[in-house]
Amino acid sequence: MHPLMVSNPNQVVDELIARITAIVLRTYEVQQLLPGRSEERLSLAGHELISAISTDTGHIDFSCELTLEARERCSSFLVKVQGRAAYESPVWRINEIYDVVVDPLDRGTSGLAALQ
């Protein structure tokens, strides 16, 4: 049985950020940020939750922005993600990631390089 309305969907999504990031790192859009034969990996440098809305079916629809960093290249990229989480006893899981939009602009190590 799943809860019909989640009292704090923001907290649930914040707790799922590591899982969301792991899924997003495997998407084609994110894989294209680094050169084809690069051994370097992207990692989560920061995140911002844009929205987390509890539905009457017990799901949480969410939107967030991830800042992914390639430390060796001193690069970082903004990735916008939309998806849905569902409660599967005894834990919340990512049910679906249905939109990943990568801003290909390299923001450098500070995340503010584009503004300089």
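For the sequence shown, the numbering used here begins at 201 and goes up steadily by one.
All residues carry an ideal CB built from backbone N, CA and C; glycine is no exception.
Count the other CB atoms, across all protein chains shown, that sit within 10 Å of the CB of residue i; report buried if there are 16 or more and exposed otherwise.
i	result
Ala314	Low confidence applies here, because Ala314 scores a pLDDT of 43, under 50, leaving its location unreliable; read the following figure in that light. Looking at its Cβ environment, which holds fewer than 16 other Cβ atoms inside 10 Å, Ala314 is exposed.
Arg293	exposed
Val230	buried
Pro290	exposed
Ser276	buried
Gly301	For the record, residue 301 in the displayed sequence is Val; it is not Gly. Val301 should be labelled exposed.
Leu254	It is Ser, not Leu, that sits at residue 254 in the sequence shown. Under this definition Ser254 is a buried residue.
Met201	Its pLDDT being 39, under 50, Met201 is placed unreliably by the model, and nothing is read from it.
Would you say residue i and residue j are within 8 Å of each other, going by their C-beta atoms?
i	j	result
Glu240	Leu233	no
Asp299	Leu278	no
Arg284	Asp261	yes
Leu225	Leu242	yes
Gly308	Cys274	yes
Ala270	Asn210	no
Leu249	Asp214	yes
Taking the beta strand (DSSP E) that residue i belongs to, which residues open and close that run?
i	result
Asn295	291-303
Thr267	260-270
Glu248	243-254
Glu240	Unbroken run through Glu240: none, as it is neither H nor E.
Val206	Looking at the DSSP string, Val206 is not in any beta strand (DSSP E), and its letter there is neither H nor E.
For residue i, report the span of its alpha helix (DSSP H) as first-last.
i	result
Pro225	One point to set straight first is that residue 225 is Leu, not Pro, in the sequence displayed. 217-225 is the span of the alpha helix (DSSP H), which, as asked, contains Leu225.
Glu229	228-231
Does the distance between the C-beta of residue i and the nearest non-hydrogen atom of the ligand MG fall short of 7 Å?
i	result
Ser289	With respect to small molecules bound, the structure shown includes none, and the ligand MG cannot be examined in it.
*Count the CB pairs spanning the stretch 209-226 and the stretch 252-271 that are closer than 8 Å, and state whether there are at least three.*
With a cut-off of 8 Å, the stretch 252-271 and the stretch 209-226 count as touching, because enough Cβ pairs lie within range.
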